[in-house]
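Protein chains in written order, with this note's numbering: chain A, 1 to 356; chain B, 1001 to 1224. Glycine is no exception: its CB is placed at the ideal position from the N, C-alpha and C atoms.
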Amino acid sequence: MALKPLNSWRHGSLRVGLRPLGAPTRAWRVAMVAALTAGACLTAVAQPAAAQAASRSVSEWLTRMHEASRQRAYTGTLVVSAGASMSASKIWHVCDGQQQVERVDSLTGAPRTTIRRNNEVITFAPENKTAVVEKRESLGLFPDMGRTPNNQIPQFYTAREVGSQRVAGHLADTVEIMPRDEWRFGYRIWSEHQTGLVVKIQTLGEQGVVLEQVAFTELQLDAPVSMDKLKQAMKDTRGYEVLKPALRKTTPEAQGWRLKEAIPGFQSMSCHTRETGAALAPGQAPMQWVFSDGLASVSLFVEPFDEQRHRQERPAAVGATHSLGRRVGDHWVTAMGEVPVATLKRFIQAIERTQP
Amino acid sequence: MSDAYAYSIAEPEICTMKHEPQPSSDREEFSLEAVSALFDGEGDLAALDQLLAAEANSAAHAHWHSCALIGDALRATGKGRWQSSTAFLAGVRSQLDAITPANVQPIAEVVHAAASQAAANDSVFRWKMVAGLASLAAVAVVGWATLLGSGASGPSAASQLAQAPGAPTAAAQAVLVATPQGPVVRDPRLEQLLAEHRQHGGMTALQASTGFLRNATFDAGDNR
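This is the structure in structure tokens:
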């Protein structure tokens, strides 16, 4: 009887798989240099055409991008690459000016379908037949671009049109939105030339290093997307266990916390606690306090200190999202956001207990 | 079904690792190998007959169980049988503990060298056990270093992993999860906060256009 050898492809692919994990930086650097060189060439060619738009301010650019998604239906494939990992999803988007409905089907990792109507979001996980229903405050926050903290964006960021490039088959204007200080990252944004729709974003760290990229690889503008069908799909939870995470709105003051020093540009946006099921004394439920400067956001998570779980005071990073933890009395504070570690450090050094 | 294949890449590595310290007679070796192949849907009828006949062969059955547990853990559906199998986790952990920084590096180098020679040792089963162990260790070290940020170098990250304290704590601190890039060690506590930050903390003017799409795309990739 012939012995069945373990297939060599399995081992082979794992070995190959080691390489991107083991030496991601060099490969990235090469790719980035190539991309930047290509960008520079195109910039030179596209200068005359871009001249008329070059005078748009940060606010004008952001308003244009925001309006583009409000007026339009499209489908496409979106890729997010952060560090060594890459995720992709299929997107449907439709908006009639009042209601914005979107569907996101994951193409990588576990199968997920996320559908949102304005700030109502439902996430279907077919593998374990659960559907998570949430209201995301963040999605309703910036209905028009004139309000805080958007109106302070020009104080902390500058915009510069650097040319145009083709992304997902569409000509797009490239805009660099760069920070005026060291407490935030910069963004390079590709905005579709006709409509202003954002088709690609790079988050830029120190010295312009690309920390994270989000881009459409394929995009069909003005696609026939049925809002009714999407809304129906959102309600159809047959066969799924519907879960609603218990979030309770609160204020940092009520929970006994404050910042003894403001971090430039970052304003408190929301605060909530998460019910854990167990009966907890006031101030003991895990709290999430969210700040934003209009483009970047920081979450401060406060939990009761647990010697077993909380020991790592070193920073961690996934793409542009960094995190840093610190013990504050009987609590553990984790600061997390799309900002430099130095900014997170200021946050966790500024937070203090106002109650025993 | 396609999922089972997608993650089967890593399964034999860990399965062989678990059984490495056991004395292996020819008969048992064949059985374990056949089980691994069968689990991937690749065995032939004869192998299946032999497995079914081997009712008394507890090693083969334990191996089958391990493969199932690993499949569940890597798919990370959250409700799998694997959650109860602390014994298996303890086994994996004790193997990882046994790897000191000194012996990780040389083995990992050997694996890279082997990759370029296209497996002249393909038929040697024992070699695969070593390679499997080394691959897992290297992936674990790299994954851990990635998670902890750029400051951590390979050996020091490995020593951190090796020093992971007693059973319940270590289980809560780091788990192996499947990502599109292969298995990676992750801190479930930070993962949870990351998911919450993306859901409720993404307060940006870009949210309405691409922020939500970015976060929803991420969520799925993270196997949350």
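Item                                                                                                                                                            : Value
Could you pull out every residue in the same chain whose Cβ sits closer than 7 Å to the Cβ of Arg346(A), ignoring the five residues on either side in sequence? : Ile263
Does any CB atom of chain B fall closer than 8 Å to the CB of Glu137(A)?                                                                                        : yes
Would you kindly check if the distance between the Cβ of Glu212(A) and the Cβ of Thr203(A) is under 8 Å?                                                        : yes
According to DSSP, simplified to helix, strand and coil, what is Ser268(A)?                                                                                     : strand
Would you list the residues sitting across from Thr158(A) in a DSSP beta bridge?                                                                                : Met178(A)
Using DSSP with H/G/I as helix, E/B as strand and the rest coil, what is Leu344(A)?                                                                             : helix
Who are the Cβ neighbours of Phe124(A) in its own chain at under 6 Å, not counting the five residues just before and after it?                                  : Thr113, Ala131
Any C-beta of chain A sitting closer than 8 Å to the C-beta of Gln1095(B)?                                                                                      : no
Give me the Cα-Cα distance between Arg314(A) and Arg103(A), rounded to the nearest whole angstrom.                                                              : 37 Å
Who are the neighbours of Asp78(A) on chain B, taking C-beta pairs under 7 Å?                                                                                   : First, the residue type needs correcting, since residue 78(A) is Leu and not Asp in the sequence shown. Going along chain B in sequence order, the residues near Leu78(A) (Cβ under 7 Å) are Leu1213, Thr1217.
In its own chain, which residues sit with a C-beta less than 6 Å from the C-beta of Lys260(A), not counting the 5 before and 5 after it?                        : Ala350, Glu352
Can you pull the chain A neighbours of Leu1190(B), defined as C-beta to C-beta under 7 Å?                                                                       : Ala316, Ser323
Applying the 10 Å Cβ sphere with the 16-neighbour rule, what's the burial state of Glu338(A)?                                                                   : buried
Run the CB neighbour count on Glu275(A), radius 10 Å, all protein chains shown included, and call it buried at 16 or more, exposed below.                       : exposed
Could you give the first and the last residue of the continuous beta strand (DSSP E) run that contains Asp135(A)?                                               : First, the residue type needs correcting, since residue 135(A) is Lys and not Asp in the sequence shown. Note, Lys135(A): beta strand (DSSP E), 130-135.
Quick one: using the 10 Å Cβ neighbour count with 16 as the cut-off for buried, is Leu1194(B) buried or exposed?                                                : buried
Could you tell me the boundaries of the beta strand (DSSP E) in which Arg326(A) lies?                                                                           : 321-328
Would you be able to state if there are at least three C-beta pairs under 8 Å between the region 94-102 of chain A and the region 237-245 of chain A?           : no
Report back the beta-carbon spacing between Leu344(A) and His322(A) to the nearest angstrom; my notes put them in contact at under 8 Å.                         : 6 Å
Going by DSSP, what residue range makes up the alpha helix (DSSP H) through Arg1189(B)?                                                                         : 1188-1200
Quick one: measure Cβ to Cβ for Ala357(A) and Ser57(A), integer angstroms, because I've assumed they're closer than 8 Å.                                        : For chain A, the structure presents residues 1 to 356; residue 357(A) sits outside this window and is missing.
With DSSP run on the structure shown, which of helix, strand or coil describes Thr63(A)?                                                                        : helix
Nearest to Asp1187(B) by CA position, among Ile348(A), Pro356(A), Met65(A), Gln308(A), is which residue?                                                        : Gln308(A)
Give me the DSSP bridge partner(s) of Leu259(A).                                                                                                                : Ile351(A)
Taking its Cβ as the centre, do 16 or more other Cβ atoms sit within 10 Å of Lys129(A), making it buried, or is it exposed?                                     : exposed
Quick one: which chain B residues come within Cβ less than 9 Å of Thr195(A)?                                                                                    : Result: empty, since nearest Cβ-Cβ is about 11 Å, beyond 9 Å.
How is the beta strand (DSSP E) around Lys235(A) delimited, first residue to last?                                                                              : Careful: Lys235(A) lies outside any beta strand (DSSP E), inside the alpha helix (DSSP H) at 227-235.
Ser85(A) and Leu78(A) - do their beta-carbons sit closer together than 8 Å?                                                                                     : no
Residues in its own chain within less than 6 Å of Gly39(A) by CB, not counting five upstream and five downstream?                                               : Note that Gly39(A) scores a pLDDT of 45, beneath 50, so its modelled location is shaky; the value from the coordinates is reported in the next line. There are no such residues.
Measure the Cβ-Cβ separation of Gly265(A) and Gln155(A) and say whether it is below 8 Å.                                                                        : yes
Helix, strand or coil: which one does DSSP assign to Gly239(A)?                                                                                                 : coil
So is His1197(B) in contact with chain A if we call contact Cβ pairs under 8 Å?                                                                                 : yes
In chain B, which residues lie less than 7 Å from Gln152(A) when you measure between Cβ atoms?                                                                  : Result: empty, since nearest Cβ-Cβ is about 11 Å, beyond 7 Å.
Return no unless some Cβ of chain A is closer than 8 Å to the Cβ of His1065(B).                                                                                 : no
Does DSSP put Gln152(A) in a helix, a strand or coil?                                                                                                           : helix
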